[in-house]
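Have a look at the structure below before the remarks.
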Amino acid sequence: MSAARPGRDRCAVLLPAPPGTPDTGGRRRTTAVIGGGIAGLAAATALAERGVAVTLYEREHHLGGRVGGWSTRLRDGSTATMSRGFHAFFRQYYNLRGLLRRTDPGMRRLTALPDYPLRHRDGAHDSFRRVPRTPPLSALGFAALSPSLPAREVLRMNPVPALALLDVRVPDLYHRLDDVSAHDFLDSLRFPRAARHLAFEVFSRSFFADPRLLSAAEMVLMFHIYFLGSAEGLLFDVPDEPYPAALWDPLGAHLRSLGADLRTGTSVEHVAPTGDGAFTVATDREETRHDSVVLALDTAGLRALAARSPGLADPAWHERIDRLRTAPAFLVSRLWLDRPVDPGRPGFLGTAGYGPLDNVSVLERWEGEAARWSRRTGGSVVELHAYARPADADRDREAGELAARLGQVYPETRAARVVDERHEWRADCPLFPVGGHGDRPGVRTGTPGLVLAGDLVRVDLPVALMERAATTGFLAANALLSRWGVRGHPLWTVPDRGRSLLLRSLARPSRRGTR
């Protein structure tokens with residue numbers, strides 16, 4: 001990854017590459033990367049580019065993890081790519097974009113959506129299209145333009161806890177706010193109810209969690225990353241083709257060109273230290289030896305593999321892994337309709353007040369595959385998300401309600417016939433519960449040669465979601481490269497503290513008082 005500035009924000013922070021030799025110098029070093037999602041792909045790429053012999057194991061038959069995709073045949077005989085749903089590639093995702101630039105230097109396979117609109121059932125609308133990108137003008141602009149922030153309610157807000165938003169520092173933020181829920185923090189602000197639904201809860205639901213379960217520290221960190229701390233703004237890009245074609249197939253080819261062995265459709269049964277500092281990795285087919293191991297699994301996968309690998313790390317580490325939990329389930333419904341959604345509808349719309357419906361995507365607005373299907377049939381490809389669903393929810397009923405709510409949001413769809421549909425019900429995203437940060441495992445495990453990566457991993461940097469996955473993947477690779485005296489990879493983050501000296505000084509008394 002280049003050390004050239006990765007975006008428009010002049011305050012972005014460079015984490016220099018750990019020093020060392022340019023590569024392994026012909027000395028054979030081997031690493032098993034277990035998990036082929038963003039974190040595993042970042043680690044595998046960073047290691048392979050330094051001459052490490054990488055074997056990547058992925059249980060699914062495709063790369064990309066929770067941002068992967070797979071082929072499905074529709075009733076009309078055509079083939080489509082299904083996925084677990086929409087993901088926004090924000091411009092603050094410096095390290096993820098650095099990974100993608102390996103095969104797309106100009107980021108031509110990402111396309112910008114013109115707006116990030118939010119709509120409440122009571123008629124309130126918000127948009128980030130005209131909001132300035134540079135803080136604090138971003139917050140002032142949003143307040144001035146937002147109908148959900150009337151002046152009389154802004155004046156009722158409690159300014160003291162709001163000061164925490166002005167100087168976000170990691171890990172200090174967790175010391176102050178990790179023991180408070182996002183819901184209770186918003187209550188302490190007396191934040192206007194309508195704006196809460198349309199602004200703050202967008203961030204909490206990005207974690208697939210109810211605000212009552214989510215740590216306020218994580219929500220405030222999100223607010224810093226996307227709003228008050230970064231000049232990149234809240235508009236985002238999306239891939240112009242399904243995830244495999246746009247992102248992961250090219251990256252897989254890049255890894256193979258570096259000599260990496262990508263073993264998709266392969267589950268790892270257990271990992272064991274050898275006694276001489278190496279590890280054996282056992283699948284249902286074979287057992288192989290590696291100098292080091294990167295565990296880049298989701299929460300359930302990591303817990304299961306750790307339970308089957310009692311010799312890894314120490315008992316305290318195993319106990320921490322066992323305490324990890326997943327966020328509540330979510331539902332993604334994709335509908336192929338026989339008639340188009342009104343052409344004036346946005347590609348993506350965040351919603352509130354429509355029961356379980358959290359957002360609506362009209363895929364042919366940006367995705368080539370969906371656009372080609374739409375042109376051929378005259379229909380639309382629509383995707384609906386419902387986050388933080390009850391564990392005992394009736395899946396068929398939930399899917400039916402999502403479709404009914406679509407008719408409320410976009411009335412022209414009520415007369416549409418569903419040509420085909422797919423429903424993905426998943427519960428495998430990490431939960432960031434109140435008070436959970438200190439117990440979360442970090443990249444280093446205490447066992448030389450064994451490292452963790454993924455969005456579940458604790459890292460004292462202002463990163464979240466897909467960017468946390470990519471960042472921890474690079475950090476895991478850097479940790480291994482440093483052991484071998486090989487130069488690591490530079491990283492970037494959004495500013496690691498409030499941007500304004502004046503605002504930071506205003507926040508200082510609040511910071512002292514909440515410790």
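Counting in UniProt numbering, the sequence shown runs from 1 upward without gaps.
Even for Gly, the Cβ is constructed at its ideal location relative to N, Cα and C.
Exposed unless 16 or more other CB atoms sit within 10 angstroms - verdict on residue i
i, result
"GLY446", "exposed"
"THR493", "buried"
"PRO211", "buried"
"PRO16", "exposed"
"VAL238", "buried"
"ASN158", "exposed"
"VAL419", "buried"
"THR413", "buried"
"PRO192", "buried"
"ARG27", "exposed"
"residue 583", "Here the chain comprises residues numbered 1 to 515, so residue 583 is not present and cannot be evaluated."
"ARG119", "buried"
"ALA253", "exposed"
Beta-carbon proximity check, residue i vs residue j, cutoff 8 Å
i, j, result
"LEU165", "LEU228", "yes"
"VAL67", "TYR243", "yes"
"THR55", "THR288", "yes"
"LEU9", "SER230", "It is Asp, not Leu, that sits at residue 9 in the sequence shown. Yes, Cβ-Cβ distance for ASP9 and SER230 is below 8 Å."
"THR377", "GLU58", "no"
"ALA296", "ALA48", "no"
"LEU255", "THR45", "yes"
"GLY35", "GLY301", "yes"
"GLY449", "PHE279", "yes"
"PRO250", "ASP104", "yes"
"SER181", "ALA216", "yes"
"GLU467", "GLN92", "yes"
"THR81", "GLY69", "yes"
Residue closest to residue i, alpha-carbon to alpha-carbon, out of the options
i, options, result
"ALA464", "ARG323, PHE223 and PRO346", "PHE223"
"ALA112", "HIS87, LEU450, LEU475 and ARG256", "HIS87"
"PRO343", "GLY98, SER361 and HIS61", "SER361"
"ASP115", "PRO211, THR31, ARG345 and PRO192", "ARG345"
"GLY485", "ALA12, ALA4 and VAL52", "VAL52"
"GLY350", "HIS385, GLY36 and ALA453", "HIS385"
"HIS437", "TYR410, ASP178 and GLU49", "ASP178"
"LEU357", "PHE208, ALA246 and ARG130", "PHE208"
"TYR410", "GLY35, ALA12, THR30 and ARG121", "ARG121"
"GLU424", "ARG50, THR72 and GLY35", "THR72"
"SER318", "PRO328, ARG303 and LEU331", "Note on residue identity: the sequence assigns His, not Ser, to residue 318. Of PRO328, ARG303 and LEU331, the residue nearest in Cα terms is ARG303."
"CYS11", "PRO135, LEU96 and ARG458", "PRO135"
"ILE390", "ASN359, GLN408, ALA415 and LEU331", "One point to set straight first is that residue 390 is Pro, not Ile, in the sequence displayed. It is LEU331 whose Cα lies nearest to the Cα of PRO390."
"VAL382", "ARG365, PHE279 and LEU235", "ARG365"
"VAL160", "ARG190, ARG29, SER181 and ALA182", "ARG190"
"ARG102", "ASP23, LEU163, ARG84 and ALA246", "ALA246"
"LEU214", "HIS290, ASP314 and ALA327", "ALA327"
"ASP284", "HIS290, ALA352 and VAL268", "VAL268"
"ASP23", "ARG119, ASP261, ARG50 and TYR387", "ARG50"
"GLY123", "ALA352, ASP428 and ARG372", "ALA352"
"ASP392", "HIS183, GLY20 and ARG426", "ARG426"
"LEU262", "GLY20, PRO495 and HIS61", "HIS61"
"GLY77", "ASP276, GLY275 and TRP373", "TRP373"
"VAL131", "ARG395, GLU232 and ALA162", "GLU232"
"CYS429", "ALA388, ASP314 and ASP396", "ALA388"
"ASN359", "ASP394, ALA313, ASP314 and GLN408", "GLN408"
Beta-carbon proximity list for residue i, same chain, < 8 Å, skipping 5 on both sides
i, result
"LEU221", "VAL168, VAL170, LEU173, PRO462 and ALA464"
"GLU241", "ARG109, GLU367, GLY368 and GLU369"
"PRO18", "ASN478, LEU481, SER482, ARG487 and GLY488"
"THR79", "SER71, THR72 and ARG73"
Integer-rounded CB distance, given that residue j should sit under 8 Å from residue i
i, j, result
"ALA32", "ALA477", "Their Cβ separation, rounded to whole angstroms, is 13 Å, which puts ALA32 and ALA477 out of contact at 8 Å."
"ASP338", "ARG417", "4 Å"
"PRO433", "ARG320", "The Cβ separation is near 14 Å, so there is no contact."
"LEU41", "LEU63", "7 Å"
"ASP291", "ARG29", "5 Å"
"ARG325", "LEU163", "Incorrect: roughly 31 Å between the Cβ atoms, too far for contact."
Own chain, CB closer than 6 Å to residue i, minus 5 neighbours either side, in chain order
i, result
"PRO340", "SER380"
"LEU475", "VAL443"
"GLU421", "LEU335"
"ASP460", "VAL170 and PRO171"
"HIS270", "ALA282, ARG308 and SER309"
"ARG405", "TYR354, GLY355 and LEU357"
"THR514", "Below a pLDDT of 50, predicted positions are generally treated as unreliable, and THR514, at 47, falls in that range; no measurement from the model is reported."
"PRO117", "SER127, PRO346 and LEU349"
"ALA469", "ILE38, ALA39, GLY454 and ASP455"
"ALA399", "SER333 and HIS423"
"GLY311", "ALA272 and PRO273"
"PHE90", "PHE236"
Residues near residue i by beta carbon distance below 7 Å, same chain, minus five either side
i, result
"VAL451", "VAL294, VAL443, ARG444, THR445, ALA476, ALA479 and LEU480"
"PHE323", "For the record, residue 323 in the displayed sequence is Arg; it is not Phe. Same-chain partners within the cutoff: ASP439."
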